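Some notes on the structure that comes next.
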């Protein structure tokens, strides 16, 4: 099984494997870690380490900061990962280290893909924030593209895709009631309704003048919110770049990371949110440029195939999958817009966020297209399209966008969106 480009001798094999492993880089300026304070605290917890560690920082993830601590010493070598919130964080709920640590520790015996927890620190005097330490799981993290040297044919790509979905299915089968710390995560029935209402409010609060209001989408979601299909432990941020693959067999999942948003909720909402990131080979150029996982590769399932496979594996039934898909896209738009809001109001100068508003427009168009398909193109055009502007969907705003973006959005929007109507300012 030649999944990684191996050479003929063992030394070169080790070098090839080392190149594809996910490794940290230099610590970013302003994000330095007080390694001595951490080491002293670890020793106080009974962790067997000697000396001070080599510290590197992982580039993945836009939220919490992640460091690798490599301790070398006879009989005391340790390869550890430290996670902490970014500096200046005011809302612990958005970067809850205690929650993330507790979920993974609780899952240690129930779910084989969580790293082993070492210790949790809630004393901010140590490094200025809560943090936790876990053992490093060595492997490959599949980001927008697989690492150079990892060559999967179509069949193996399909196996990778299937294994990632199977790991999600397996998570949703965990009996959370056997773990008291997991039971306390949830708020009971009504998860779907709370999510729709919560993201509605978050989007309105984060809206800037250059993005659509999503009024029609928000109204449609509220009208079509289903009862919870069931309650289970959900990850809430399921993506390929949050899984670790076996370096010797990159189709095999060995770890799942980033549990800070895990909770008790509806598994179909978890799947819908995951598929919002699922960019296929024929999706528009804006979505391709924002892709964060290799779902465009030949052999990957389409979004529809993922849904069909998941339902077959779980036995769950749904009346309206469109709701979960639209919600996932709207939730992603809310996440993107919250980040862009900070850039728009000069709360951050990170240039990577400059054009996030464009993604929000495209996600809005995708939501409208799905709603039109659900309602029926003819019905949408005759009964909904004439009132789009009343609902905060402004065609004039789109006409003012750069031509390439207009072309993308017009290619996604329902037919007749730009048809003139009594409400059109062009009349």
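Numbering (the working numbering), first residue to last: 27 to 453. Don't be surprised by glycine CBs; every beta carbon is placed ideally from N, CA and C. Here the structure is a predicted model, which means the values were calculated and not measured.
- Within the region 117-175, the complete beta strand (DSSP E) segments of 3 residues or longer fall at 143-147, 157-161, listed in chain order.
- Residue 52 sits in coil when the DSSP states are folded into three classes, being neither helix nor strand.
- For residue 402, no beta strand (DSSP E) run applies, since DSSP gives it neither H nor E.
- Across the set 425, 241, 63, 82, the C-alpha of 82 shows the shortest separation from the C-alpha of residue 51.
- Between residue 93 and residue 77, the C-beta gap is not smaller than 8 Å, which leaves the two residues out of contact.
- When rounded, the separation of the alpha-carbon atoms in residue 316 and residue 243 is 22 Å.
- Within the model, the alpha-carbon separation for residue 121 versus residue 156 is close to 9 Å.
- Taking C-alpha positions only, residue 229 is separated from residue 344 by approximately 27 Å.
- Between the region 230-249 and the region 337-356, the count of C-beta pairs closer than 8 Å reaches three or more; the two stretches touch.
- In the three-state scheme derived from DSSP, where H, G and I count as helix and E and B as strand, residue 265 is classed as coil.
- Secondary structure note for residue 192: its alpha helix (DSSP H) is the uninterrupted segment 180-198.
- Burial is judged here by how many other beta carbons sit within 10 angstroms of a residue's own beta carbon; residue 405 has fewer than 16 and is exposed.
- Excluding the 5 residues flanking it on each side, residue 191 has same chain C-beta neighbours closer than 7 Å at 332, 335, 336, in chain order.
- Cβ atoms of residue 128 and residue 207 come within 8 Å of each other, at about 5 Å.
- Secondary structure in the region 258-336: the alpha helix (DSSP H) runs of 4 residues or longer, each lying completely within the stretch, are 293-301, 311-315 in chain order.
- Between residue 197 and residue 261, the C-beta spacing is below 8 Å.
- Beta bridge pairing from DSSP links residue 91 with 110.
- Annotation note: the region 330-400 contains the following uninterrupted alpha helix (DSSP H) runs of length 4 or greater, listed N- to C-terminal: 347-370.
- Beta-carbon to beta-carbon, residue 181 and residue 325 are separated by about 7 Å, close enough to satisfy the 8 Å threshold.
- Rounded to the nearest whole angstrom, the CA to CA distance from residue 84 to residue 220 is 34 Å.
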